[in-house]
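Chains as they are written, first to last, in this note's numbering: chain A, 7 to 170; chain B, 727 to 1019.
Note that the Cβ used here is the ideal one computed from N, Cα and C, for glycine as well.
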Amino acid sequence: MNSKSYNQAVKDYSDRLYGFILKNLNKDVETAKDIVQNCFEALWNKRADVPSAKAKSYLFQVAHNQIVDVYRKGGRMLYVEDYHENAISNAPATNEHKEIMHKVLLELPTPQRSMVLLKDFEGYSYAEIAQIINVTEGQVKINLFRARKKLKEIISSSQNKKAL
Amino acid sequence: MSINKLNYEEWMVAFMDNELSADEVVEFNEFIKENPSLQEELSAFKTVQFSGDETPIYDGKDALLKKTGAAVLLKKIWPLIAVVLLTVAIGPFLSKDKKVKEKVVAENNIDPKTEIILKPIRTPIKKEEFINEELTPAIKKEISKKVQPIQNETKDKALIIAPEKTIAKKEILKPSEPRPRKKIIEKFDKEIVVKEILKKPEPIASNKEVKNETLLQELNTPASTSKPDQAILEKKENNNALVIIDEVHHPQLYKKMNTVIDQVEQKIETVKKLKKQPIIIKIGKTKIITINK
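The structure is reproduced here in structure tokens:
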């Protein structure tokens, strides 16, 4: 990868990478920007080893690792009880619903959350996600299944609370 | 790999994500029909599926971009470009200096290994700048002697052609003139007795202040060569040697001394009025006569 390809990667992937990080970090803008900068700095330093075709997956891989580090170091916890009711009451079609679903995502472990985001928002294939997260393709599918199942349980639990 | 209860999760996810082939979809649907409990699980997935939404804009792209192509190349080679431009700019001057040094070595028979430093010098001042209309011809001539002709008016800056000293106007002095000497005219009169004149004629002749040799010659001639006249003989009886300066024998001296004696008499009269002491008349340091009041 040369400098021209690197600049093209900045133009093509920086926005999507920023969105992916932002959703993972519950819209912590400053941390998200720092991670984007770190990702492209890592890409520049490794440009000799990373082909242009693999630039996007490399960027998301670095981003995922940094997100894991952020949660590990910061011990971030998110309590979702407050918005479960809203999520159900306003479901399913509004922008607020989307917003709430993103917050529900934060309940998931970081690898599962990243897999959901990469699959549902970025459209990566299982193989690509497996490469980014550094797991097997089967593990990607199983983790996606469990992540969605857990999300369903959270939402169902909230609906039950509201019914009571 | 066929679907079973151990791997149905992967199949279900792939089915929801439309990742199954047509044959796999048929196989999956048959498996769901055989396991009704999984149908509820499958329907629940639809409520937690996400769809793509608007992507936020990252506003730090410019800071991430790197300079490419010509900019990077220019950054790498700009020192080389600077050296080339500098060489082109000062090359002719260096070449000219080298030629001048070679010329200096050749013309002055200098060892070529000798270091020759070229320094800029001021243009030599032309001779005409010194010649002022107010100066007298004698001064102009003096200036012309002191000012060296301009040897080289070219702009070559060779060190060895610099004049040793530039003559400024204020350094030019007028030709030396003899200091005015104080003229003392000796005073003799026929009526004044000049004692010891015969004994010591040398002081008069050797006196530097007496410049008129003709007068001295006239004074000495009668005493040594001619016969003493009547006046001298008469006075000699009183044991006094007299020299009578008359108009016949000493015409020039007589005329000169008459003038002087008039002035001396006036002096004596003036002194007599002021002082009562005796008046001593001297020629230089030689005492001539004392006049009592």
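Straight across, the Cα-Cα distance linking A:Lys17 with A:Leu157 is about 33 Å. Interface residue (Cβ-Cβ distance to chain B less than 7 Å): A:Tyr24 is classified as such. Chain order gives the chain B residues near A:Leu28 as Pro782, where near means a beta carbon separation below 8 Å.
Residue range 977–1000 is occupied by the alpha helix (DSSP H) that includes B:Thr996.
Within the same chain, Tyr12, Ala15, Val56, Ala61, Tyr64, Leu65 come within 7 Å of A:Leu49 by CB-CB distance, once the 5 residues on both sides are set aside. Using a Cβ-Cβ cut-off of 7 Å, A:Ser120 does not count as an interface residue toward chain B, since no Cβ of chain B sits closer than that to its own. In this structure, the beta-carbon distance from A:Ala136 to A:Glu143 falls below 7 Å. Between A:Val146 and A:Tyr130, the gap from beta carbon to beta carbon reaches 7 Å or more.
Put simply, the CB of B:Glu766 is far from chain A, with every gap to its CB atoms at 7 Å or more. Within 9 Å of the CB of B:Thr794, the CB atoms of chain A belong to Asn8, Ser9, Lys10, Tyr12, Asn13, in sequence order along the chain. Here A:Thr37 carries a helix assignment [DSSP, helix/strand/coil]. With respect to chain A, the C-beta atom of B:Leu790 has a partner C-beta closer than 7 Å. Non-local beta-carbon contacts of A:Ile138 in its own chain, meaning distances under 8 Å to residues more than five positions away in sequence, involve Ser63, Phe66, Gln67, His70, Ser120, Leu124, Tyr130 in chain order. Residues of chain B with a Cβ closer than 9 Å to the Cβ of A:Asp21 are, in chain order, Thr781, Pro782, Ile783, Tyr784, Lys787.
The closest CA to that of A:Lys29, considering only A:Arg152, A:Gln118, A:Phe151, A:Asn149, is found on A:Gln118. By the beta-carbon neighbour count (other beta carbons within 10 angstroms, threshold 16), B:Gly817 is exposed.
For A:Ile139, the secondary structure class from DSSP, reduced to helix, strand or coil, is helix.
The stretch 34–43 of chain A and the stretch 798–818 of chain B do not touch, with fewer than three beta-carbon pairs separated by less than 8 Å. Counting every other CB atom within 10 Å of its CB across the protein chains shown gives B:Phe819 a total below 16, marking it as exposed. Chain B has a Cβ within less than 7 Å of the Cβ of A:Leu150. Using a Cβ-Cβ cut-off of 7 Å, B:Val739 counts as an interface residue toward chain A, since at least one Cβ of chain A sits closer than that to its own. Residues of chain A whose Cβ lies closer than 8 Å to the Cβ of B:Glu750 do not exist; the shortest such Cβ separation is about 13 Å. Shortest Cα-Cα distance from A:Asp75 to any of A:Val35, A:Leu31, A:Val110 involves A:Leu31. Here the alpha carbon of B:Glu756 sits roughly 12 Å from the alpha carbon of B:Leu764. About 5 Å separates the Cβ atoms of B:Thr1016 and B:Ile1006, confirming a contact at the 8 Å cut-off. Neighbourhood of B:Glu736 in chain A, by CB distance below 8 Å: Gly144, Lys147, Ile148, Phe151, in chain order. Cβ-Cβ separation between A:Val122 and A:Leu111: approximately 6 Å, consistent with a contact (criterion under 8 Å). By the neighbour-count criterion, in which 16 or more other beta carbons inside 10 Å mark a residue as buried, A:Asn149 falls on the buried side. Secondary structure of B:Glu973 (DSSP, three-state): coil. Our two residues, B:Lys1008 and B:Val990, have alpha carbons roughly 11 Å apart in a direct line. From the beta-carbon of B:Glu745, the residues of chain A found nearer than 8 Å are Ser131, Tyr132.
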